[in-house]
Ligand SMILES: [Zn+2]
């Protein structure tokens with residue numbers, strides 16, 4: 001887990017970001033570090049930092065301005081680390097991203113056209129559409145709303161213990 005929980009100034013969880021982004025925000029004095037990972041350190045030329053596990057924005061942002069970033073990690077999270085063709089749950093190293101409508105034929109790299117896919121299914125599908133390859137998608141890919149993202153990122157069972165104080169208990 002090399003991620004940092006970003007809290008609003010009001011301490012409500014906003015999103016999960018990379019620790020590098022958290023450090024950048026900290027250098028820009030946009031956030032304060034609330035908790036650190038005990039065992040992880042970052043070495044720079046002149047000093048050593050602990051990796052931030054929870055940071056808090058110094059200025060309150062209204063939630064609706066926080067979008068869900070399009071990234072490999074967020075696609076895997078949206079798709080529950082599950083191949084969207086065969087349904088197999090797989091660790092990240094055995095997953096890849098598949099363009100539903102093939103990239104080679106102009107398929108876009110977007111929330112609506114990218115799904116998590118296991119290496120085998122990806123190879124099998126090749127440059128075909130799901131229909132041509134006779135492979136059915138488990139569900140139609142959509143851009144997650146912020147609410148969906150909170151659900152997927154803030155799963156307490158997968159969260160580092162440093163985050164638990166700040167996550168909703170549902
Ligand atoms: Zn598969």
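Residue numbers (the numbering used here): 1 to 170. Even for Gly, the Cβ is constructed at its ideal location relative to N, Cα and C.
(message) Just checking residue 27 against ligand 1 - is the residue's beta carbon closer than 6 angstroms to any of the ligand's heavy atoms?
(response) Checking every heavy atom of ligand 1 against the Cβ of residue 27, none is found closer than 6 angstroms.
(request) Select from 74, 94, 167 the residue whose C-alpha is nearest the C-alpha of residue 112. (result) For residue 112, the nearest C-alpha among the options comes from 74.
(message) At the 7 angstroms Cβ level, is residue 25 part of the contact set with chain D, yes or no?
(response) The structure shown contains no chain D; it holds only a single protein chain.
(request) Note down, in chain order, each residue of its chain lying with its Cβ closer than 8 angstroms to the Cβ of residue 130, except the 5 sequence neighbours on either side. (result) Here the set comprises 85, 100, 136, 137.
(message) So within the segment 1 to 30, which uninterrupted alpha helix (DSSP H) runs reach at least 4 residues, ignoring any that extend past its ends?
(response) Counting whole runs of 4 or more residues, the segment 1 to 30 contains the alpha helix (DSSP H) stretches 19 to 27.
(message) According to DSSP, simplified to helix, strand and coil, what is residue 119?
(response) Residue 119: helix per DSSP, three-state reduction.
(request) Please report the residue range of the alpha helix (DSSP H) in which residue 78 lies. (result) Its alpha helix (DSSP H) spans residues 72 to 78.
(request) Give a single yes or no on whether residue 37 has its beta carbon closer than 6 angstroms to a heavy atom of ligand 1. (result) Residue 37: no, Cβ never under 6 angstroms from ligand 1.
(message) Per the DSSP calculation, residue 49 is bridged to which residue(s)?
(response) Partner(s): 42.
(message) On the DSSP letters alone, give me the boundaries of the alpha helix (DSSP H) that residue 130 sits inside.
(response) 130 to 133 is the extent of the alpha helix (DSSP H) around residue 130.
(request) Check whether the Cβ of residue 85 lies closer than 6 angstroms to any heavy atom of ligand 1, and answer yes or no. (result) Distances from the CB of residue 85 to the heavy atoms of ligand 1 include at least one below 6 angstroms.
(request) Taking only the alpha-carbon atoms, compute the straight-line gap between residue 158 and residue 107 and give it to the nearest angstrom. (result) Near 33 angstroms, if we compare the C-alpha coordinates of residue 107 and residue 158.
(request) Report whether the distance from the Cβ of residue 88 to the nearest heavy atom of ligand 1 is below 6 angstroms. (result) Yes, since a heavy atom of ligand 1 falls inside the 6 angstroms radius drawn around the Cβ of residue 88.
(request) Whole angstroms is fine: what's the gap from residue 65's alpha carbon to residue 8's? (result) Because residue 65 carries a pLDDT of 47, less than 50, the predicted location of this residue cannot be relied on, and the following value inherits that uncertainty. About 12 angstroms.
(message) Using a Cβ-Cβ cutoff of less than 7 angstroms, which residues in the same chain neighbour residue 19 once the five nearest sequence positions on both sides are dropped?
(response) The answer, listed in chain order, is 2, 3, 4, 51, 52.
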